[in-house]
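Engineer: First the structure, which I've put down as structure tokens, then a few questions once you've had a look.
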Amino acid sequence: MNYDNWKLSPPDGDELLSPCCGSHYTETDESYECDSCNEEFDEPIVDYEYRARIAEDRAEAMMEDRRLGL
Ligand SMILES: [Zn+2]
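Spelled out as structure tokens, the structure:
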């Protein structure tokens, strides 16, 4: 996991999204709240990191399917 890498060097100009839905969010007093599912989270995620995570999850699911012979 390279979570710390992007956290330590936040890129400028990239859109920040909620990590749960990749949606827009509202900043609250102590955290953030996803506009899509109202879930609270501590750190927004940059859009390309969210997309990379989705692609990773999908690749893993495909490998799992193959292993199970689906
Ligand atoms: Zn959400």
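Numbering-wise, our numbering puts 16 at position 16 of the sequence shown, and it's gapless, one number per residue. C-beta: ideal position from N, C-alpha, C; glycine also.
Distance, Cα to Cα, Met-62 vs Leu-16?
Structural biologist: Each residue's Cα considered, the two are about 28 Å apart.
Engineer: Residues with a Cβ closer than 7 Å to any heavy atom of ligand 1, in chain order?
Structural biologist: Here the list is Ser-18, Cys-20, Cys-21, Ser-23, Cys-34, Ser-36, Cys-37 and Glu-39.
Engineer: In three-state DSSP terms, what is Leu-89?
Structural biologist: Here the chain comprises residues numbered 1 to 70, so residue 89 is not present and cannot be evaluated.
Engineer: Report the residue from Tyr-48, Ser-18, Arg-67 and Ile-45 whose alpha carbon sits nearest the alpha carbon of Leu-35.
Structural biologist: It is Asp, not Leu, that sits at residue 35 in the sequence shown. The option with the nearest alpha carbon to Asp-35 is Ser-18.
Engineer: For Asp-117, which residues of its own chain have a beta-carbon under 8 Å away from its beta-carbon, when the five flanking residues on both sides are left out?
Structural biologist: Not covered by the structure: residue 117. The range shown for the chain is 1 to 70.
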